[in-house]
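Report on the following structure.
Protein chains: 2
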Amino acid sequence: MEAAPVWSVDPRSGKRRERVGVEASAGEVGVVVRAAWEARGSLVDRGVRAGFLRGAAALLEASGDVLVEVADAETALGGVRLRGELARTCYQLRAFADVVEEGSFLGVIIDHPDAAATPPVPDLRRFKVPLGVVAVYAASNFPFAFSVAGGDTASALAAGCPVVVKAHPDHPGLSERVAAVLRRAAVERGLPAGVVGLVHGFEAGVALVGHPLVAAAGFTGSVRGGRALFDAAAARPVPIPFHGELGSLNPVVVTQAAASERAEEIGAGLAGSMTLGVGQFCVKPGLVLVPASPEGDRLVEALAGGVARAAAGVLLDGRMRDNFVAGVAERAALAGVECPVVPGGEGERGVRAGFLTVPAGRLTEPGAHDVLLEECFGPVTVVARYGDPAEVDAVLARLPGNLTATVHLSAGESEGQGRAGELLARLTPLAGRVLVNGWPTGVAVAPAQHHGGPYPATTSTSTSVGATAIERWLRPVTYQHTPHALLPPELRDDNPLGLPRRVNGRLQH
Amino acid sequence: MEAAPVWSVDPRSGKRRERVGVEASAGEVGVVVRAAWEARGSLVDRGVRAGFLRGAAALLEASGDVLVEVADAETALGGVRLRGELARTCYQLRAFADVVEEGSFLGVIIDHPDAAATPPVPDLRRFKVPLGVVAVYAASNFPFAFSVAGGDTASALAAGCPVVVKAHPDHPGLSERVAAVLRRAAVERGLPAGVVGLVHGFEAGVALVGHPLVAAAGFTGSVRGGRALFDAAAARPVPIPFHGELGSLNPVVVTQAAASERAEEIGAGLAGSMTLGVGQFCVKPGLVLVPASPEGDRLVEALAGGVARAAAGVLLDGRMRDNFVAGVAERAALAGVECPVVPGGEGERGVRAGFLTVPAGRLTEPGAHDVLLEECFGPVTVVARYGDPAEVDAVLARLPGNLTATVHLSAGESEGQGRAGELLARLTPLAGRVLVNGWPTGVAVAPAQHHGGPYPATTSTSTSVGATAIERWLRPVTYQHTPHALLPPELRDDNPLGLPRRVNGRLQH
Chain A
0 MEAAPVWSVD PRSGKRRERV GVEASAGEVG VVVRAAWEAR GSLVDRGVRA
50 GFLRGAAALL EASGDVLVEV ADAETALGGV RLRGELARTC YQLRAFADVV
100 EEGSFLGVII DHPDAAATPP VPDLRRFKVP LGVVAVYAAS NFPFAFSVAG
150 GDTASALAAG CPVVVKAHPD HPGLSERVAA VLRRAAVERG LPAGVVGLVH
200 GFEAGVALVG HPLVAAAGFT GSVRGGRALF DAAAARPVPI PFHGELGSLN
250 PVVVTQAAAS ERAEEIGAGL AGSMTLGVGQ FCVKPGLVLV PASPEGDRLV
300 EALAGGVARA AAGVLLDGRM RDNFVAGVAE RAALAGVECP VVPGGEGERG
350 VRAGFLTVPA GRLTEPGAHD VLLEECFGPV TVVARYGDPA EVDAVLARLP
400 GNLTATVHLS AGESEGQGRA GELLARLTPL AGRVLVNGWP TGVAVAPAQH
450 HGGPYPATTS TSTSVGATAI ERWLRPVTYQ HTPHALLPPE LRDDNPLGLP
500 RRVNGRLQH
Chain B
0 MEAAPVWSVD PRSGKRRERV GVEASAGEVG VVVRAAWEAR GSLVDRGVRA
50 GFLRGAAALL EASGDVLVEV ADAETALGGV RLRGELARTC YQLRAFADVV
100 EEGSFLGVII DHPDAAATPP VPDLRRFKVP LGVVAVYAAS NFPFAFSVAG
150 GDTASALAAG CPVVVKAHPD HPGLSERVAA VLRRAAVERG LPAGVVGLVH
200 GFEAGVALVG HPLVAAAGFT GSVRGGRALF DAAAARPVPI PFHGELGSLN
250 PVVVTQAAAS ERAEEIGAGL AGSMTLGVGQ FCVKPGLVLV PASPEGDRLV
300 EALAGGVARA AAGVLLDGRM RDNFVAGVAE RAALAGVECP VVPGGEGERG
350 VRAGFLTVPA GRLTEPGAHD VLLEECFGPV TVVARYGDPA EVDAVLARLP
400 GNLTATVHLS AGESEGQGRA GELLARLTPL AGRVLVNGWP TGVAVAPAQH
450 HGGPYPATTS TSTSVGATAI ERWLRPVTYQ HTPHALLPPE LRDDNPLGLP
500 RRVNGRLQH
């Protein structure tokens, strides 16, 4: 059987741009995985890893013009946005180089012998070692930051794990070019090129998660695709960790007091957040609880004004456009739903932003309106109008897990008045990131970031953004009663690498 | 349908001791889970949690005599061992109280705004919150330390999670009594008794892992049972983390130089370790690679002497005895296998310790001898005699994941001579704990402990013993741009609780 070709497609025209390669067979995936596995020893040295990550960032920047051009042709996300995303991606690679050098992620704990303990404690020295080859499933909506050189790859390489990326079919040409840059950076540092592999094709992705030498996987994408791969990872003879980011509604609550104070500002801010990147962010606010009051009406008017002014856009591929148009139509047809600005298709390939309103009471019990509590990818949001704060609580109680949950409060509530504290306590169990008086779009790369949340936001308790994303690719090992001459330098008493450590219960750094 | 009664059975006689209660229906499991869920708010305060754990330890000690008596009657493990295990259990509860108070486990990270970052960093503050109700599946072989008041329960309560324990059927009477002590400790501290629930029965265990309000599970037991529950946890509409400790062979390598130096000492040490607790430890050495040399012969002779002197014992239940007798017979019947001391049944209920020898070459390729690479629960080990160090490498390369891996080295090798470093490098990927010149039995409760390992040792990268076991029951949450008045005290700039934290990238404590 001949291998299926992989085409690069321009979403603005629907036309094929170039033939990138062919889909990988299971056997070909095995070759790529084995090359990565054989390269694992080259990543043992932390200095080499940090240098590799920094070198990759520099080479990506040097190739920025052509990479952004290819990315724009394949995704229609626009040069400005893509240039910013590339900068973010390079910042992230360097941030993980810093994490590698700082060394806290190794989790070094040393206990000297203690005969008085019950049972007695021998000499124990723990640190974390890389899991092995990591499979990375690239996302469509961030062709740089959540794709071949994105956070999963950067954090896995930082942890010392070789990576095999399953390219997203919406930007295969860019994927090949970015992978080539990473391999060049590897070779320039004396690492085997196999330390970063790339495969195309749906079946290749299935083969990848099932390969015996793959030790863990990272994924960003849909609930359906992510859950299928999660299930496959769990069903292996030897199950592996699967860190998937699947879907999120990102609820927002606006209090009556906040609406009274700044209805127009909140409405305009929401319009900006939900239309950003043509609504193709995993943290797009998808459900907004707004009071059914004159102040709430003003908020909705401001939202309508902002959304109506948003330019039509092109989604990442035709299938997403079809899903958006169908998803919006299904929701708009529900009883009680109105469309102050009608979202839908625009011309042959475009989409226009819009939003729906619904009485919050429609969402407090299971029924046909439950589809409004599911993510709809693209520039649309659902505004649920509540009469009583109890309706807010009832809707929140029905929500699945989310990446983010947001509340807009008045100045007084921000000082703790009213039920601000209670609202925060209700939002915390729903999400991995809780925002006050802000918008969830824009995920900072920082040590304190957490980009994850209860299922289906993520399939594990981990984050895919920020310094602690490295923890996903490590496991602890403890050495007991091991002579100093044989200990890794990280675990020696003289701490030759100057690592932050916990020794006999005390933090040292 | 009438509920099935739960009987306490004396393994020494096979006779029923008392009727403990009845197996829980799915509906009854739901009642217990909901009570635990409703008690979750009572565990928010860390001081309350620490006090509860210390109070539980004191009450367990106060009831020590009766608890040890019941435990011995149900497990035949003997008063001395059980008294030590109870002490370990109380030590562990207090150690987790210390962990709760110290506060590092909260993983507090604070980033102040940084407009210069790409993208800009807003005010971000992260810490960890409890997952919710934890299901604990108790082990048979540690009726105190890995059962109702064991490490899973202690670490979950320390994390702020209520617990529902599925009692092990080998000690239901003790389970009820220990649960009553925990509940008394809870009530004495003003907590609802529902903070610790207990259910009996196989079907109850299945219902427990599937209950929507159960947020995570801990398990210690067999590969078969653990894998079935792991699969059920992964197949839920909302999958949950399942931290299972399933099985481990615990390989040991003895170098020729080590055998030359101390053949008798190693043989005697191995005899002690493999017969300890009638071989019913998850870290029992189950495969020992010994040189086929005169020095290796002396080691085997010393082992034979020690094992032959070991008293016959009673396993935890009749099914385990049947499995042991059948497992030993299956292994002994293989070509090339010899039995210097024959293990098997002793009298009507007992078992006697023994060991098998086999040429290591039989284990280097897949075949009928693969059963020798599987755990056999009870007082038996397999000694594989190798002629060439390459045979050691070939056998190690075929092993599944383990809790421990051990190497015995000579004094010179311990200084780094020969291939000591290479052996350690080969053992590290195989296990969560690597020992040099020691025996894996005896798992210290200490910050640097790691009791876990690649599958099937554990189903996750976590530990079930030691301070970091608490990490299993937590997930991070980040607050973005949240007014100080609404922040939890853990995240406020003035650090009113004096927690160790990372602020703007710097560790502070």
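Sequences listed follow chains A and B, in order.
For the first sequence, the residue numbers in numbering that gives the first Met the number 0 are 0 to 508.
For the second sequence, the residue numbers in numbering that gives the first Met the number 0 are 0 to 508.
Each residue gets a CB set at the ideal place from its N, CA and C atoms; glycine is no exception.
- Rounded to whole angstroms, the gap between the alpha carbons of Val5/A and Ala232/B is 37 Å.
- In the displayed model, Ala468/A falls within a helix according to three-state DSSP.
- Under the Cβ criterion of 8 Å, Pro238/A is counted among the residues facing chain B.
- Taken residue by residue, none of the stretch 199-227 of chain B has a beta-carbon sitting less than 7 Å from a beta-carbon on chain A.
- Under the three-state reduction of DSSP output, Ala404/B falls in the strand class.
- For Ala227/A, the closest C-alpha among the options Ala234/B, Leu228/B and Phe229/B is that of Ala234/B.
- Chain-ordered, the chain A residues with CB closer than 7 Å to the CB of Asn436/B read His480.
- Residue environment analysis places Val31/B among the buried positions, since at least 16 neighbouring C-beta atoms fall within 10 angstroms of its C-beta.
- Contacts with chain A (Cβ-Cβ distance below 9 Å) from the stretch 452-469 of chain B involve Gly452, Pro453, Tyr454, Pro455, Thr458, Ser459, Thr460, Ser461, Thr462, Gly465, Ala466 and Thr467, listed in chain order.
- Using a Cβ-Cβ cut-off of 8 Å, His449/B is close to Arg125, Pro475, Val476 and Thr477 of chain A, given in chain order.
- Per DSSP, the beta-bridge partners of Val163/A are Ala134/A and Gly196/A.
- Per DSSP, reduced to three states, the secondary structure at Gly46/B is helical.
- Taking the C-beta atoms as reference points, Asp71/B is found nearer than 8 Å to Leu81/B.
- Per DSSP, Arg16/A is one residue of the beta strand (DSSP E) stretching across Lys14 to Val21.
- The shortest CA-to-CA distance from Gly441/A to any of Val162/A, Cys281/A and Ala155/A is the one to Cys281/A.
- Here DSSP, grouped into helix, strand and coil, assigns Glu489/B to helix.
- Closer than 8 Å to the CB of Gly441/A there is at least one CB belonging to chain B.
- At the C-beta level, Gln479/A and Gly377/A stay beyond 8 Å of one another.
- Distance between Arg471/A and Thr458/B, taken at the CA atoms: about 14 Å.
- Proximity of Thr427/B to chain A, defined by a Cβ-Cβ separation below 8 Å, is satisfied.
- Scanning its chain for C-beta atoms nearer than 6 Å, with the 5 sequence neighbours on each side dropped, one finds around Arg361/A the residues Gly335 and His368, in chain order.
- For Gly285/B, same chain residues with a beta-carbon under 7 Å away, outside a window of 5 residues either side, are Leu248, Asn249, Glu374, Cys375, Thr380 and Val381 in chain order.
- Note that the stretch 429-447 of chain B touches the stretch 394-412 of chain B; at least 3 beta-carbon pairs, one per stretch, sit closer than 8 Å.
- With a contact defined as Cβ atoms closer than 8 Å, Ala352/B and Ala325/B miss out at about 16 Å.
- Counted as a single uninterrupted DSSP element, the stretch harbouring Gln448/A is not any alpha helix (DSSP H), since DSSP gives it neither H nor E.
- Contact annotation, Gly209/A with Phe229/A: C-beta distance approximately 13 Å; criterion of less than 8 Å not satisfied.
- For Tyr136/A, no Cβ of chain B is located within less than 8 Å of the residue's own Cβ.
- For Gly243/B, DSSP records a beta bridge to Phe218/B.
- Taking one beta carbon from each stretch, the stretch 5-16 of chain A and the stretch 117-132 of chain A have fewer than 3 pairs nearer than 8 Å; the two do not touch.
- Selection Ser139/B, Gly304/B, Ala256/B and Arg48/B evaluated against Gly417/B yields Ala256/B as nearest (Cα-Cα).
- At least one CB atom of chain A sits nearer than 8 Å to the CB of Phe229/B.
- In the three-state reduction of the DSSP assignment, Asp122/B falls in the coil class, being assigned neither a helical nor a strand state.
- Shown in chain order are the members of the stretch 68-88 of chain B whose Cβ falls below 8 Å from a Cβ of chain A: Gly83, Ala86 and Arg87.
- Membership of Trp36/B in the alpha helix (DSSP H) is indicated by the continuous run Ala25 to Glu37.
- Distance from the CA atom of Ala185/B to the CA atom of Val194/B, rounded to whole angstroms, is 7 Å.
- Scanning chain A for C-beta atoms nearer than 8 Å to the C-beta of Thr152/B yields nothing, as the closest lies near 18 Å away.
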